[in-house]
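Going line by line, the protein sequences match chains A, B and C.
Letter by letter, the first sequence follows residues 6 to 417 of this note's numbering.
Letter by letter, the second sequence follows residues 15 to 345 of this note's numbering.
Letter by letter, the third sequence follows residues 3 to 83 of this note's numbering.
C-beta atoms are modelled at their ideal positions from N, C-alpha and C, and glycine is treated no differently.
Keep in mind the model is a prediction, meaning the values are calculated, not measured.
What follows is one structure encoded as structure tokens, with my remarks underneath.
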Amino acid sequence: MAEFRMPSLGADMKAGTLVAWRVKPGDRVKRGDIIAEVETEKGLVEVEVFEEGVVDQIFVQSGEKVPVGTVLAMIRPEGMPAASAPPEVPQAAVKEHVPAEAGPEVKPGLEVSHLPGQPPERRIRVSPLARKLAAELGIDLSTVQGTGPMGAIERADVERAAAKRLAEKAPTPSVSEKPVPPTMEKPAATEFQIGMRRAIAAAMSRSNREIPHYYLETRIDMSRALRWLEAENQRRSIKERLLPAVLLIKAVARALGEVPELNGYWIDDRLQPQEAIHIGFAISLRQGGLVVPAIHHVDLKSLDELMEALRDLITRVRAGRLRSSEMTDATITVTNLGDLGVEKVFGVIYPPQVALVGFGKITEQPWAENGMIGIRPVLTATLAADHRATDGHQGGRFLEALNRYLQEAAKL
Amino acid sequence: MKENPQMIRLTYREAVREAIREALRKDDRVFLMGEDVGRYGGCFAVSKGLLQEFGPERIRDTPLSESAFVGAGIGAAMGGMRPIVEIMTVNFSLLAADQILNNAATILHMSGGQFNIPLVIRMATGGGRQVAAQHSHSLEGWYAHIPGIKVLTPATLEDARGMLWTALEDPDPVLIFENSNLYNMEGQLPADAGPVDIDRARVRRPGSDVTIITYSASLFKALDAAEILAREGIDAEVIDLRTLRPLDQETFLASVTKTHRAVIVDEGWRSGSISAEIAARIMEGAFYELDAPVERICSVEVPMPYAKHLEQAALPQTETIVTTIKRMMHS
Amino acid sequence: MTEAQIKETIFKVLGRIAPEAQLDKLALNDNLRETLDIDSFDYLQFLIGLNEELGVEIPEADYGQLTTLADLIRYLSARVR
Numbered sequence: 006m007a008e009f010r011m012p013s014l015g016a017d018m019k020a021g022t023l024v025a026w027r028v029k030p031g032d033r034v035k036r037g038d039i040i041a042e043v044e045t046e047k048g049l050v051e052v053e054v055f056e057e058g059v060v061d062q063i064f065v066q067s068g069e070k071v072p073v074g075t076v077l078a079m080i081r082p083e084g085m086p087a088a089s090a091p092p093e094v095p096q097a098a099v100k101e102h103v104p105a106e107a108g109p110e111v112k113p114g115l116e117v118s119h120l121p122g123q124p125p126e127r128r129i130r131v132s133p134l135a136r137k138l139a140a141e142l143g144i145d146l147s148t149v150q151g152t153g154p155m156g157a158i159e160r161a162d163v164e165r166a167a168a169k170r171l172a173e174k175a176p177t178p179s180v181s182e183k184p185v186p187p188t189m190e191k192p193a194a195t196e197f198q199i200g201m202r203r204a205i206a207a208a209m210s211r212s213n214r215e216i217p218h219y220y221l222e223t224r225i226d227m228s229r230a231l232r233w234l235e236a237e238n239q240r241r242s243i244k245e246r247l248l249p250a251v252l253l254i255k256a257v258a259r260a261l262g263e264v265p266e267l268n269g270y271w272i273d274d275r276l277q278p279q280e281a282i283h284i285g286f287a288i289s290l291r292q293g294g295l296v297v298p299a300i301h302h303v304d305l306k307s308l309d310e311l312m313e314a315l316r317d318l319i320t321r322v323r324a325g326r327l328r329s330s331e332m333t334d335a336t337i338t339v340t341n342l343g344d345l346g347v348e349k350v351f352g353v354i355y356p357p358q359v360a361l362v363g364f365g366k367i368t369e370q371p372w373a374e375n376g377m378i379g380i381r382p383v384l385t386a387t388l389a390a391d392h393r394a395t396d397g398h399q400g401g402r403f404l405e406a407l408n409r410y411l412q413e414a415a416k417l
Numbered sequence: 015m016k017e018n019p020q021m022i023r024l025t026y027r028e029a030v031r032e033a034i035r036e037a038l039r040k041d042d043r044v045f046l047m048g049e050d051v052g053r054y055g056g057c058f059a060v061s062k063g064l065l066q067e068f069g070p071e072r073i074r075d076t077p078l079s080e081s082a083f084v085g086a087g088i089g090a091a092m093g094g095m096r097p098i099v100e101i102m103t104v105n106f107s108l109l110a111a112d113q114i115l116n117n118a119a120t121i122l123h124m125s126g127g128q129f130n131i132p133l134v135i136r137m138a139t140g141g142g143r144q145v146a147a148q149h150s151h152s153l154e155g156w157y158a159h160i161p162g163i164k165v166l167t168p169a170t171l172e173d174a175r176g177m178l179w180t181a182l183e184d185p186d187p188v189l190i191f192e193n194s195n196l197y198n199m200e201g202q203l204p205a206d207a208g209p210v211d212i213d214r215a216r217v218r219r220p221g222s223d224v225t226i227i228t229y230s231a232s233l234f235k236a237l238d239a240a241e242i243l244a245r246e247g248i249d250a251e252v253i254d255l256r257t258l259r260p261l262d263q264e265t266f267l268a269s270v271t272k273t274h275r276a277v278i279v280d281e282g283w284r285s286g287s288i289s290a291e292i293a294a295r296i297m298e299g300a301f302y303e304l305d306a307p308v309e310r311i312c313s314v315e316v317p318m319p320y321a322k323h324l325e326q327a328a329l330p331q332t333e334t335i336v337t338t339i340k341r342m343m344h345s
Numbered sequence: 003m004t005e006a007q008i009k010e011t012i013f014k015v016l017g018r019i020a021p022e023a024q025l026d027k028l029a030l031n032d033n034l035r036e037t038l039d040i041d042s043f044d045y046l047q048f049l050i051g052l053n054e055e056l057g058v059e060i061p062e063a064d065y066g067q068l069t070t071l072a073d074l075i076r077y078l079s080a081r082v083r
């Protein structure tokens with residue numbers, strides 16, 4: 006098996022971005038074939054292969070930037086059984102228990118290295134400490150997202166996964182269940198709190214250590230939005246009523262449509278904007294701590310769907326029934342502390358996200374407009390953003406757009 | 015804090031000289047022998063003035079033959095003396111390698127425990143002074159391979175002053191490597207500074223994020239790097255090994271267990287080096303504590319260049335330590 | 003429906019919305035939301051729950067009158083059939 010590595014395309018080249026693969030696992034290649042395109046500081050380069058054989062596994066996906074020497078793919082000699090069973094090869098479905106790419110001349114004995122009936126897995130990179138910790142905490146490493154070099158799972162990743170699991174299992178006995186004696190419940194809640202506190206500590210310490218935050222704030226006149234909401238709610242039965250937070254979340258999604266750089270992740274020294282807008286909504290737990298589950302595709306949901314999604318989410322948070330995708334998918338966070346009478350939120354970004362939008366309480370304040378002073382319900386919206394990913398100009402554009410959308414609630 | 019901290023200002027060179035002077039005064043079996051140690055005062059001026067003070071019997075110039083005078087030292091030690099043999103630089107010690115390895119290190123064993131060799135050999139080591147490949151290598155890691163001897167690498171004034179007497183009291187051969195870049199280093203030392211232990215590493219700077227394991231002159235590059243990293247929020251612990259044989263692995267394993275990341279800074283070449291040994295011990299003793307691969311910063315594997323810019327490029331530097339650790343912490 | 007029954011219903015719904023809240027600590031004149039740390043979502047859920055149990059529709063405009071347990075009992079007693 007030969008390794009196909011990120012080539013050095015010039016003495017000063019340290020890393021390259023894999024732009025596109027011209028081959029897929031299972032393809033035959035011969036010496037001199039162009040099999041990948043790599044972007045360097047000097048431009049786009051077509052990369053040739055110097056081995057003959059069959060593309061076995063591809064490790065680096067297009068868009069990833071990796072150091073020179075990183076193994077991009079494995080090329081196996083023709084006839085050698087595949088180390089991975091590429092799902093796109095149709096034969097795989099037919100011969101279920103045989104490695105899919107086994108050529109005809111393969112002797113049965115060669116297959117012994119694979120466990121029968123079990124497709125060989127791609128090896129997960131895990132630091133020894135992370136592996137030990139995962140075993141102690143009972144975390145399945147295949148469910149953990151690694152943030153180390155080449156996706157390696159490190160201690161912090163396992164701790165995050167453990168915290169998420171804890172959050173999913175938030176101990177909230179439902180009414181129908183037998184009441185637990187109070188002496189039993191106390192320590193369980195405490196252990197839960199310790200775990201969650203530790204996870205929050207890890208994420209927030211990393212955030213403050215690594216992310217150069219910048220903060221912007223703006224005051225938003227909410228009179229139009231609240232008037233619209235009041236009229237709307239008057240027409241609705243109690244079960245269909247909307248809360249102001251729904252307007253805020255939707256307006257954030259609309260504004261992100263205009264400033265997509267705030268919606269995404271900072272990974273591998275670059276901003277990776279995300280197309281889908283999944284808003285993590287911070288929900289504090291009465292027993293302490295908070296969870297930030299994602300509301301998926303906020304931009305595509307109507308206000309009613311959003312209210313329903315939020316209701317469902319909060320109910321499940323209280324009942325400790327979150328889904329893993331909700332714990333991992335958020336592309337930005339919204340914190341609404343208005344219920345507590347807080348005026349302004351100075352948020353700490355949840356890495357690897359690049360922004361957090363904070364909302365305070367809507368309070369009546371003097372407001373000057375067109376040379377007149379009046380009393381308006383005013384909301385202070387803040388943005389904490391990662392200065393590596395964006396600059397104040399983009400942040401300002403976002404808050405401006407947010408304000409604009411909130412002036413036309415009917416169109417949200 | 016000592017009650018009466020009467021501090022004196024001195025150089026590393028003077029600290030070594032004071033150590034030799036103290037030994038010559040305390041024990042009349044002690045004598046110093048080597049090329050140019052007498053009339054010339056030592057090629058690094060360490061023994062300047064000692065000939066006048068102690069006379070030619072005890073400060074002995076030798077012919078230009080490392081094998082002969084190290085061998086003479088071994089014989090003197092067997093005969094009951096406590097010789098301090100100075101070899102100009104570690105490169106030239108190879109001319110006496112036979113004496114050191116085949117005699118000094120083995121006689122106790124081969125004589126069935128009859129003869130100890132209480133010999134101390136001092137020599138200069140290290141690059142960075144533009145004296146080219148025949149004077150600038152760091153081979154102390156090589157000597158750390160040999161059972162039967164101890165290998166000391168004093169970095170601080172305290173150790174330069176204090177290790178010699180403890181080495182002389184040791185019944186077996188002890189090699190002391192003085193990095194020639196340190197001779198002019200100046201600092202404070204208590205006037206009554208005396209012997210120190212020679213078997214434990216020291217944490218020179220406590221930290222929690224990553225452990226830098228180093229020794230000799232690289233210690234100061236590591237400490238500088240730790241200061242730079244601290245400004246960026248990375249808290250590095252710096253360990254001075256002090257002694258390469260026997261290796262105090264307890265200290266660095268405890269540190270790695272705490273920080274979960276290790277970088278070894280070694281002025282020797284990378285292949286088959288003491289840094290390789292330390293990395294292996296971490297793997298053996300703290301594998302499940304590691305959150306990242308152990309990294310090494312060593313000299314480039316070339317004969318030490320003469321040209322200043324090339325020589326600096328070949329040696330481990332503060333900047334390399336900083337960038338390596340930042341990469342490890344992905345910050 | 004007696005006031006005691008209404009209070010019992012209120013506690014039942016609260017228990018569902020905020021199971022961790024210690025309802026026995028709630029005095030008649032305490033601010034309900036502050037004492038039990040009920041946010042606006044939970045409060046809306048609470049009112050929906052009361053609507054389901056008692057059939058009383060509480061318009062948004064009346065939220066301001068319903069600060070304490072005593073307020074609620076009074077308000078609901080007047081409207082429950």
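Looking at the unbroken beta strand (DSSP E) that takes in residue i, where does it start and where does it end?
{"i": "residue 239(A)", "result": "Per DSSP, residue 239(A) belongs to no beta strand (DSSP E); it is in the alpha helix (DSSP H), 228-240."}
{"i": "residue 21(B)", "result": "21-25"}
{"i": "residue 9(A)", "result": "7-10"}
Tell me which same chain residues have a C-beta within less than 6 Å of the C-beta of residue i, skipping the five on either side of it?
{"i": "residue 224(A)", "result": "383, 385"}
{"i": "residue 5(A)", "result": "Here chain A comprises residues numbered 6 to 417, so residue 5(A) is not present and cannot be evaluated."}
{"i": "residue 285(A)", "result": "297, 299, 335, 338"}
{"i": "residue 289(B)", "result": "278, 280, 310, 312"}
Tell me residue i's beta-bridge partners as DSSP assigns them.
{"i": "residue 81(A)", "result": "59(A)"}
{"i": "residue 361(A)", "result": "338(A), 389(A)"}
{"i": "residue 21(A)", "result": "71(A)"}
{"i": "residue 259(A)", "result": "DSSP output for residue 259(A) lists no bridge partner at all."}
{"i": "residue 379(A)", "result": "372(A)"}
{"i": "residue 220(A)", "result": "389(A)"}
{"i": "residue 74(B)", "result": "47(B)"}
{"i": "residue 275(A)", "result": "272(A)"}
{"i": "residue 53(B)", "result": "For residue 53(B), which the question treats as bridged, DSSP gives no partner whatsoever."}
{"i": "residue 131(A)", "result": "158(A)"}
{"i": "residue 39(A)", "result": "53(A)"}
{"i": "residue 149(A)", "result": "DSSP output for residue 149(A) lists no bridge partner at all."}
CB-CB under 7 Å to residue i, same chain, minus the five flanking residues each way: which ones, in chain order?
{"i": "residue 265(A)", "result": "278"}
{"i": "residue 15(C)", "result": "48, 51, 52, 55"}
{"i": "residue 31(C)", "result": "70, 72"}
{"i": "residue 51(A)", "result": "39, 42"}
By Cβ distance, which residues of its chain are closer than 8 Å to residue i, with the 5 residues on each side in sequence left out?
{"i": "residue 162(B)", "result": "118, 119, 120, 122, 123, 186, 187"}
{"i": "residue 83(A)", "result": "33, 57, 58, 59, 108"}
So, is residue i buried or exposed, given that buried needs 16 or more other C-beta atoms within 10 angstroms?
{"i": "residue 316(B)", "result": "exposed"}
{"i": "residue 61(C)", "result": "exposed"}
{"i": "residue 145(A)", "result": "exposed"}
{"i": "residue 274(A)", "result": "exposed"}
{"i": "residue 67(C)", "result": "exposed"}
{"i": "residue 228(B)", "result": "buried"}
Name the two residues that bound the continuous alpha helix (DSSP H) containing residue i.
{"i": "residue 90(B)", "result": "80-92"}
{"i": "residue 36(C)", "result": "34-38"}
{"i": "residue 281(A)", "result": "Run containing residue 281(A): none; DSSP gives neither H nor E here."}
Can you find a heavy atom of the ligand COA that lies under 7 Å from the Cβ of residue i?
{"i": "residue 85(B)", "result": "What this structure holds is no ligand at all, so the ligand COA is not there to describe."}
Contiguous alpha helix (DSSP H) assignments of at least 4 residues, all confined to the stretch 184-271 of chain B: For secondary structure counted as the alpha helix (DSSP H) over 4 or more consecutive residues, the stretch 184-271 of chain B holds these complete runs in sequence order: 232-245.
Length at least 3, wholly inside the stretch 96-181 of chain B: the beta strand (DSSP E) runs in chain order: Listed in chain order, the beta strand (DSSP E) runs fully inside the stretch 96-181 of chain B are 96-103, 134-139, 164-166, counting runs of at least 3 residues.
Secondary structure, beta strand (DSSP E): runs of 3+ residues fully inside the stretch 269-312 of chain B: Listed in chain order, they are 276-283.
Unbroken stretches of the alpha helix (DSSP H), 4 residues or longer, contained in the stretch 285-333 of chain A: Restricting attention to alpha helix (DSSP H) runs no shorter than 4 residues, the stretch 285-333 of chain A encloses them at 308-324, 329-333, ordered along the chain.
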